[in-house]
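Residue numbers (the numbering used here), protein chains in the order written: chain A, 3 to 94; chain B, 100 to 689.
Positions of the beta carbon are idealized from the N, C-alpha and C atoms, including for glycine.
Small disclaimer: the values here were computed from a predicted structure and weren't measured.
Scroll down for the structure; my scribbles are underneath it.
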């Protein structure tokens with residue numbers, strides 16, 4: 003390919019990218035906003051307790067309580083603790 | 100006369116406007132300063148405030164402001180012949196729309212990227228906020244009603260366009276999810292969307308069983324149906340309106356990235372593809388202009404109705420909302436405002452121009468034109484249909500069969516109008532909510548209450564006007580009200596820009612002249628319509644709905660004029676517009 007052809011090709015590529023970008027501009031902001039919101043929710047769930055917010059996840063994990071309670075009891079005894087170390091999970 | 104000359108003459112004027120007038124505005128009036136730090140840099144957040152290349156921003160601004168309105172207005176205004184419509188589009192774009200869009204962008208850029216509404220609120224206070232909200236409320240309601248009417252009519256006259264329009268919805272949702280999960284370029288998926296839609300349009304044009312033709316399903320034109328005893332056409336209209344409103348209800352309550360934004364993206368492609376095809380078709384076909392330059396048989400005077408019939412395409416307040424709402428937050432340099440604002444307005448002008456040319460070259464003879472545009476009411480009813488036919492004739496220039504082209508043009512207009520409906524109902528919901536907060540009616544702030552009210556009001560407005568042929572024949576009657584409220588919005592923005600220029604000791608003449616002209620034309624046209632036409636004082640019967648709405652708009656127009664006069668006289672209140680960010684380069688210099 004000659005240099006002239008190369009630059010034409012490059013120009014066309016730049017035009018297509020610019021065109022795509024101009025059409026996407028408004029769209030991108032909304033997508034970023036949505037992704038940011040989803041990320042905010044995840045971070046809040048992970049670190050909310052550190053900021054003094056009660057973690058709603060522990061409320062929902064209560065549903066797992068009956069399924070996990072036996073293996074949990076065995077686990078804390080294996081770890082050398084006679085009683086459950088967590089206030090909100092009492093197994094014995 | 101060869102229609103190319105019309106295009107060449109107007110585009111030449113646009114180029115002159117761009118090269119000289121916009122430079123004059125940039126250097127002498129708006130005094131753009133490359134050293135000013137735009138909000139996109141100052142408040143950069145990666146979401147709303149993002150510095151963007153000026154050509155990319157221009158493309159986005161242009162595709163956001165251009166839609167179905169610059170097609171509907173000029174297609175109706177062809178009633179007075181192509182001369183008045185072309186002159187208003189050409190001069191309006193260069194001396195009014197360009198100045199307005201460019202100015203709104205600069206003003207917002209100098210005021211931390213605030214919108215026109217917020218700035219009006221700061222300057223005039225709560226009164227202005229309510230005035231602003233009510234004008235937008237009326238504008239959006241009218242736009243909703245007229246566009247719902249346009250869509251229902253196009254579905255009835257072009258049943259082949261229905262299926263591709265419906266297909267746009269799942270395709271858009273697919274694109275929306277793909278972008279959210281994967282990101283990256285949208286060019287290929289949206290081109291695939293276009294291929295699917297246009298491919299379906301070709302199939303539906305050729306195979307009748309793929310056309311969703313309600314009139315035929317109801318037994319054919321003139322048949323009485325079981326639906327309230329309506330005839331087939333009004334019954335089809337009623338069904339389409341109900342389907343549309345149900346769609347709009349659900350679409351407008353979804354997050355924007357799911358449906359609205361990807362639809363916009365596909366529509367922007369359609370706008371570019373459509374404009375390209377029509378202009379290439381014009382140059383290949385070189386059609387003769389068959390419509391008269393001035394329709395001597397017009398019984399309704401063009402003055403001042405022309406100026407409210409064509410709003411988008413000559414000057415439109417809606418552009419100020421886009422310029423100050425989103426584009427101003429993305430300017431990389433203040434000097435880019437000239438390209439984005441002024442050239443964006445010229446872009447829409449080219450859409451209005453091709454609309455005029457498509458209709459002006461459609462008819463085989465002047466007699467045929469006079470037949471179609473026999474009265475202003477007939478023009479309202481036939482305008483969009485004439486554009487569809489005229490545009491399909493131009494598309495023939497690049498070898499697209501005219502019946503397929505007609506389906507695709509109808510499809511494009513419906514897509515534009517449906518997206519506007521979706522975002523308009525959304526906006527209406529916010530405004531109703533805001534009015535609820537303002538007047539302490541908490542129920543109005545609920546999403547579904549506000550949306551139901553928005554959709555209900557739209558349904559009422561589109562079903563009530565009667566054009567003389569039963570249900571669905573009178574939606575176009577609201578069009579002059581769309582133009583009027585749009586021009587009033589432009590009037591407010593021009594007033595704010597003029598006040599800003601005045602306070603800075605610069606000449607506000609370039610913005611004051613279009614402002615006074617717009618307000619004068621609006622007040623004149625509304626007085627004539629409200630006092631003489633809709634009140635029933637002349638021969639026609641009283642139209643109480645139009646009378647009420649028109650009277651409210653007339654009141655608003657006079658209100659704005661009074662506020663403008665008061666503010667120009669009071670130096671103290673003008674100081675309220677002062678923004679510390681605005682003075683930054685001057686401070687640095689001293």
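Three-state class that DSSP yields for residue i in the structure shown
i, result
"residue 151 of chain B", "strand"
"residue 430 of chain B", "strand"
"residue 366 of chain B", "helix"
"residue 387 of chain B", "strand"
"residue 330 of chain B", "strand"
"residue 101 of chain B", "strand"
"residue 689 of chain B", "Per-residue confidence for residue 689 of chain B stands at a pLDDT of 48, beneath the threshold of 50, marking its modelled position as unreliable; no derived number is given."
"residue 323 of chain B", "strand"
"residue 208 of chain B", "helix"
"residue 235 of chain B", "helix"
"residue 562 of chain B", "helix"
"residue 469 of chain B", "helix"
"residue 137 of chain B", "coil"
"residue 603 of chain B", "coil"
"residue 307 of chain B", "helix"
"residue 267 of chain B", "helix"
"residue 348 of chain B", "helix"
"residue 620 of chain B", "helix"
"residue 56 of chain A", "coil"
"residue 47 of chain A", "helix"
"residue 637 of chain B", "coil"
Continuous alpha helix (DSSP H) stretch holding residue i: start and end
i, result
"residue 649 of chain B", "643 to 668"
"residue 447 of chain B", "442 to 459"
"residue 533 of chain B", "501 to 537"
"residue 67 of chain A", "67 to 80"
"residue 126 of chain B", "Neither: residue 126 of chain B is in no alpha helix (DSSP H) and is coded neither H nor E."
"residue 196 of chain B", "Where residue 196 of chain B is concerned, there is no enclosing alpha helix (DSSP H), given that its DSSP letter is neither H nor E."
"residue 220 of chain B", "215 to 223"
"residue 488 of chain B", "475 to 494"
"residue 176 of chain B", "168 to 176"
"residue 406 of chain B", "404 to 408"
"residue 421 of chain B", "416 to 424"
Classification of residue i by the beta-carbon crowding that lies within 10 angstroms, buried from 16 upward
i, result
"residue 689 of chain B", "Because residue 689 of chain B carries a pLDDT of 48, less than 50, the predicted location of this residue cannot be relied on, and no value is offered for it."
"residue 514 of chain B", "buried"
"residue 294 of chain B", "exposed"
"residue 394 of chain B", "buried"
"residue 115 of chain B", "exposed"
"residue 364 of chain B", "buried"
"residue 250 of chain B", "buried"
"residue 220 of chain B", "buried"
"residue 490 of chain B", "buried"
"residue 73 of chain A", "exposed"
"residue 63 of chain A", "exposed"
"residue 85 of chain A", "exposed"
Which residues, in order along the region 360 to 387 of chain B, keep a beta-carbon less than 9 Å from a beta-carbon of chain A?
-> 360, 361, 363, 364, 367, 368, 371
Report the residues of the region 7 to 23 of chain A with a CB closer than 9 Å to any CB of chain B, ordered along the chain.
-> 18, 19, 20, 21, 22, 23
Inter-stretch contact at 8 Å, needing at least 3 Cβ pairs: the region 259 to 272 of chain B / the region 304 to 313 of chain B | yes
Using Cβ-Cβ distances below 7 Å, what residues of the region 342 to 356 of chain B are close to chain A?
-> 354, 355, 356
Pair every Cβ in the region 396 to 415 of chain B with every Cβ in the region 156 to 176 of chain B, then say whether three or more of these pairs are closer than 8 Å.
-> yes
Examine the Cβ distances between the region 117 to 134 of chain B and the region 505 to 525 of chain B and report whether three or more of them are shorter than 8 Å.
-> no
Name the residues in the region 282 to 296 of chain B whose C-beta lies less than 8 Å from a C-beta of chain A; which are they?
-> 282, 284, 285, 286, 289
Okay, do the region 540 to 557 of chain B and the region 343 to 355 of chain B touch, 3+ Cβ pairs below 8 Å being the bar?
-> yes
Under 9 Å (Cβ pairs) to chain A, residues found in the region 143 to 157 of chain B | 145, 146, 147, 149, 151, 152, 154, 155, 156, 157
Could you run through the region 263 to 279 of chain B and flag, in chain order, every residue whose CB is less than 8 Å away from some CB of chain A?
-> 278, 279
Taking a cut of 8 Å between CB atoms, which residues from the region 36 to 58 of chain A lie near chain B?
-> 36, 37, 38
Should the region 275 to 295 of chain B be regarded as contacting the region 580 to 596 of chain B, the criterion being three or more beta carbon pairs within less than 8 Å?
-> no
Would you call the region 365 to 383 of chain B and the region 600 to 610 of chain B touching, i.e. three or more CB-CB distances under 8 Å?
-> no
Do the region 452 to 460 of chain B and the region 236 to 247 of chain B touch if we need at least three Cβ pairs shorter than 8 Å?
-> no
Using a Cβ-Cβ cut-off of less than 9 Å, list which residues of the region 518 to 538 of chain B approach chain A; keep chain order.
-> none
Evaluate contact between the region 638 to 647 of chain B and the region 151 to 164 of chain B, counting only Cβ atoms and requiring at least three cross-stretch pairs below 8 Å.
-> no
Counting pairs of Cβ atoms below 8 Å between the region 566 to 582 of chain B and the region 321 to 334 of chain B, do you hit three or more?
-> yes
Could you name the residues of the region 161 to 192 of chain B whose beta carbon sits closer than 9 Å to any beta carbon of chain A, in the order they occur along the chain?
-> 161, 162, 163
Proximal residues, the region 61 to 94 of chain A versus chain B, C-beta separation under 8 Å = none
When you check each C-beta in the region 425 to 441 of chain B against every C-beta of chain A, which residues fall closer than 8 Å?
-> 425, 429
Taking one C-beta from the region 420 to 434 of chain B and one from the region 198 to 218 of chain B each time, how about it: are there three or more such pairs within less than 8 Å?
-> yes
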